[in-house]
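**Q** Respectively, the protein sequence lines represent chains R and E.
Using numbering that gives the first Met the number 0, the letters of the first sequence correspond one by one to residues 0 to 496.
Using numbering that gives the first Met the number 0, the letters of the second sequence correspond one by one to residues 0 to 139.
Sharing a structure here in structure tokens format.
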Amino acid sequence: MEIVDNLVFGFSHALTLQNLLLCALGCVVGMLVGLLPGLGPLATISLLLPLTFSLPPTGALIMLAGIYYGAQYGDNVSAITMKIPHASSIVACIDGYQMTLKGKTGVALFAAGVSSFIGGTVAIIVLAWLAPALSNVALLFGPVEYCALVLFGFVCVSFVTTGNVLDGLAMCLVGVLLGQIGTDVETGSQRFTMNIQSLYDGVHLVSLALGCFGIAEITKNLDNKEQRSPFNGTIKLIPTWLELKRMFPSALRGSIVGSVLGIMPGGGPVIAQFAAYAVDKKFSKYRDEIGQGAIEGVAGQAAADEAAARTSFIPLMSLGIPENAVMALMMAAFIINGVQPGPAMIKKHPELFWGLVASMWIGNCFLLLLNVPLVRIWLSVFKIKYSSLFPAILFFCCVGTYSIANNLHDIYATATLGVLGYVFLRFKLDPAPLVLGFILGPMLEENFRRAMVINRGSFAAFVTRPISAVLVGMVFLFFTWQLVSFVRDQRKARTTK
Amino acid sequence: MINQNSARGLLLAAVALFFLLQAPGYTIGSLSRPGPGLFPLLVSGLLLLVSLAIFVRSRFIEVVPLDFRIRNIALVTASLVSFALVSEFVNMLAGIAVMVTMASLASDDFSIPRTATIAVALCLVAVAMKKGLGVQLPLW
């Protein structure tokens, strides 16, 4: 049993005092930013990125991963009690909030917490088993395949995050272009720097993420008036035996759906929740009640959410290719800490890989503790008014930017990108694909140039090499499908008029 | 009234043109020997195509009015810029006070005592970060 040996090895690294504390810290911070508006996991991870320079890589990544999956838990709580999802728990708003309206907040929180734990546990088993196996697949990938996969990923992410493939794809491309600013690595020439000296090193990821996800989000929240939920703060946590019995099948279904969808390009928590919800609506014994505050509607999506948050690490750690914006940021964190994620990582840094996997399960236990017995403490966070909160978030954005290089001038870059992010938000353009494009852009360019040189300037390799041909074909089919369905909708609209 | 959907296409086209017009200034090279200008040229060209498609699509779908409010983003940006300026020329504690005051004007229930409380609390956090965590902050 190789996996068991490896996991034992992983736990021996994750259970050191420092790593335990970092894991707990990550979970608590993640939970908090999941609960509070204005700072999602993306902004928080980039905020803390400069502070992790002094930590050993394993500890740093354990903490950052904790923030990510901790935020998913916290987000569920805020979606259930207030109907405000901050990061991604859109589905929890449906049945979760209906349960709050019925006065069953406590049971909904219990179901979400326990199901998330189940989902996380299933996903960790999948992760430990699949990631090492998949790293062999990565050896089949050359520059051509890499370019095709990134393109395919862009299309998937665009479709999933915005529901509108053109808008999302455009944002990916804007991200790639923003990543072009600075010094070209191969030739050393300056590109798009407009002779501004601080742009010679390019736009910093921290500035971009804090601008688009911190400053822009805060301003958008300020534009909206505060809403009040009928939630009164008193909860009864323990479900009845019947409710408990109804919860488990959904949680297991959600775990499987989430684990699978977490691995897909463009996959991740959001699509997993929707899929798990749809599966429950079709197969649950109580499907007629879903949508009106059924416990299945909370349990299934929470399990899928948590499962997908873990398995989305698989493509990053085995292929070295992040499949969504948060994973792209995690990749940046790996690289900043001196570790190149990819097929060689598991062999070269086994303590990091297995330590991280083991810490995810430890984090899962922490979060179960924080979310079920201790959830009342967290609910008091909602009493803080947004007008007291956002100046503090702005302050942390400033300090986070400053501590990249102890340079106050970087704050101007963050402010500029904040304005840009706000403009994009107002034009209904989602900044998440932008960050993905920004991080993948330089690597895409490097591989594209290499592919062109190897194939003497011919694009033929993109359709003659099998893996790349399949990916390019899928992109092509996808666009054809989009175009056909658009035209059909237009015709239908015209005939009904 | 501005239509959000068509304005989105134009905004993206403007971004594409910003890069597209500068790209020929760098060596393009050829496809078999790509220079630093080639990749940005291709990407911005693709972006221009996508933004035109978005613009064309907006002719067929329902008109959505563009909702753009200048006040809050102006206040938030100004608060960040003044934080950087005051921190550079005076010190960061003063910068925090200025930033919190300006930013608080953006909320719909501005109150002086609360703003002062937040400013003092954040100054204490900043001192704790400098003394406790060793973060290099030019506080005084």
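Backbone N, C-alpha and C define an ideal beta-carbon position, used for all residues, glycine too.
None of these values were measured; they are calculated from a predicted model.
(1) Would the beta-carbon of R/P342 fall within 8 Å of that of R/A137?
(2) Leaving out the 5 sequence neighbours to the left and right, which residues in its chain are closer than 7 Å to R/V154 when beta-carbon positions are compared?
(3) Measuring only between beta-carbons, confirm whether R/D183 sits less than 8 Å from chain E.
(4) Going by DSSP, what residue range makes up the alpha helix (DSSP H) through R/Q97?
(5) Please say whether R/I123 and R/W353 have beta carbons closer to each other than 8 Å?
(6) Taking Cβ-Cβ distances shorter than 7 Å, what residues in chain E pair up with R/G456?
(7) Following the continuous alpha helix (DSSP H) through R/Y72, name the residue where it begins and the one where it ends.
(8) Using a threshold of 8 Å, state whether the C-beta atoms of E/E87 and R/L407 are closer than that.
(9) To be precise: take each residue of the stretch 171-204 of chain R, compare its Cβ to all Cβ atoms of chain E, and keep it if any distance is under 8 Å. Which residues remain?
(10) Residues of chain R with a CB under 7 Å from the CB of E/V80: which are they?
(11) Have a look at the DSSP bridge pairing and note the partners of E/P64.
(12) What are the residues in the stretch 432-462 of chain R lying within 7 Å of chain E by C-beta distance?
(13) Below 8 Å on the Cβ atoms is my guess for E/L46 versus E/A15; work out the distance and round it to an integer in Å.
(14) Which residues, in chain order, does the stretch 123-154 of chain R contribute to contact with chain E at a C-beta distance below 8 Å?
(15) At 4 residues or longer, what runs of the alpha helix (DSSP H) sit wholly inside the stretch 229-284 of chain R?
(16) Extract the residue ranges of the alpha helix (DSSP H) inside the stretch 105-161 of chain R, only unbroken runs of 4 or more that lie entirely within it.
(17) Output yes or no for whether 8 Å exceeds the beta carbon distance between R/F365 and R/A23.
(18) Please list the terminal residues of the continuous alpha helix (DSSP H) segment that includes E/I27.
(19) Look up R/R190 in the DSSP assignment and say whether it is helix, strand or coil.
(20) Taking Cβ positions, are R/G299 and R/G253 nearer each other than 8 Å?
(21) Roughly how many whole angstroms lie between the Cα atoms of E/F38 and R/Q272?
(22) Hey, does R/D429 have any beta-carbon neighbour from chain E nearer than 8 Å?
(23) Which residue or residues does DSSP assign as beta-bridge partners of R/T495?
(24) Assuming R/V325 and R/L34 form a contact by the criterion Cβ under 8 Å, report the distance between their Cβ atoms to the nearest whole angstrom.
(25) For the alpha helix (DSSP H) that contains R/K346, what are its first and last residues?
(26) DSSP on R/P372, reduced to helix/strand/coil?
(27) In whole angstroms, what is the alpha-carbon distance linking R/F333 and R/Y145?
(28) Here's the rule: buried if 16 or more other CB atoms are within 10 angstroms of the residue's CB, otherwise exposed. What is R/K281?
(29) What distance in whole Å lies between the Cβ atoms of R/N18 and R/T57, which are believed to be in contact at a cut-off of 8 Å?
(30) Please list the partners that E/N2 has in chain R, where partner means a Cβ-to-Cβ separation under 9 Å.
(31) Measure the beta-carbon distance from R/G290 to R/D94 and round it to whole angstroms, keeping in mind my assumption that it falls under 8 Å.
(32) Check the Cβ-Cβ distances between R/L393 and every residue of chain E, and say whether any is below 8 Å.
(33) Look at E/R36 and E/Y25 and say whether their C-beta atoms are less than 8 Å apart.
(34) Do R/G362 and R/A307 come within 8 Å of each other at the CB atom, strictly closer than that value?
(35) Tell me the DSSP bridge mates of R/T182?
(36) Whose CA, out of E/L104, E/F82, E/F17, lies closest to the CA of E/G44?
**A** Inspection of the coordinates gives the following:
(1) Yes, these two residues count as a Cβ contact at 8 Å.
(2) If we look at R/V154 and ignore the five residues flanking it on each side, its Cβ neighbours are V164, L168, V474, F477.
(3) For R/D183, the nearest beta carbon of chain E is closer than 8 Å to its own beta carbon.
(4) Residues 91-100.
(5) Result no, Cβ atoms of R/W353 and R/I123 do not sit closer than 8 Å.
(6) Going along chain E in sequence order, the residues near R/G456 (Cβ under 7 Å) are S29, L30, S31.
(7) Per DSSP, R/Y72 belongs to the alpha helix (DSSP H) from 56-81.
(8) Yes.
(9) Flagged, chain order: L172, V173, V175, L176, Q179, D183, E185, T186, S188, R190, F191.
(10) By Cβ distance, chain R contributes Y411, A414.
(11) Checking the DSSP bridge columns, you'll see E/P64 partnered with E/N2.
(12) Per Cβ criterion, the list reads E444, F447, R448, M451, V452, R455, G456.
(13) Yes, E/L46 and E/A15 are in contact; Cβ-Cβ is about 4 Å, under 8 Å.
(14) Within the stretch 123-154 of chain R, no residue qualifies.
(15) If we require 4 residues or more, the alpha helix (DSSP H) runs fully inside the stretch 229-284 of chain R come out as 240-262, 268-282.
(16) Within the stretch 105-161 of chain R, the complete alpha helix (DSSP H) runs of at least 4 residues fall at 142-161.
(17) Yes, they are a contact pair.
(18) E/I27: not part of any alpha helix (DSSP H); DSSP gives it neither H nor E.
(19) In the three-state DSSP reduction, R/R190 falls in the strand class (E or B).
(20) The Cβ-Cβ distance between R/G299 and R/G253 falls below 8 Å.
(21) Annotation: E/F38 to R/Q272 spans about 37 Å, alpha carbon to alpha carbon.
(22) It does not: the Cβ of R/D429 has no partner Cβ on chain E nearer than 8 Å.
(23) BP columns for R/T495 are empty, so no partner.
(24) Contact between R/V325 and R/L34 is ruled out by a C-beta separation of about 18 Å, above the 8 Å threshold.
(25) Where R/K346 is concerned, the enclosing alpha helix (DSSP H) starts and stops at 344-347.
(26) In the structure shown, R/P372 sits in coil (DSSP, three-state: anything other than H, G, I, E or B).
(27) Their backbone Cα atoms lie some 19 Å apart in a straight line.
(28) R/K281 comes out exposed.
(29) At roughly 7 Å, the Cβ-Cβ gap stays under 8 Å, so R/T57 and R/N18 are in contact.
(30) What E/N2 touches in chain R: nothing, since even the nearest Cβ is about 11 Å away.
(31) About 7 Å; that satisfies the 8 Å criterion.
(32) So yes, R/L393 belongs to the interface.
(33) Before going on, a small fix: residue 36 of chain E reads as Gly here, not Arg. In contact: E/G36 and E/Y25 (Cβ atoms closer than 8 Å).
(34) Contact: no.
(35) Per the DSSP secondary-structure output, R/T182 pairs in a beta bridge with R/Q189.
(36) Nearest neighbour of E/G44 by Cα position, chosen from E/L104, E/F82, E/F17, turns out to be E/F17.
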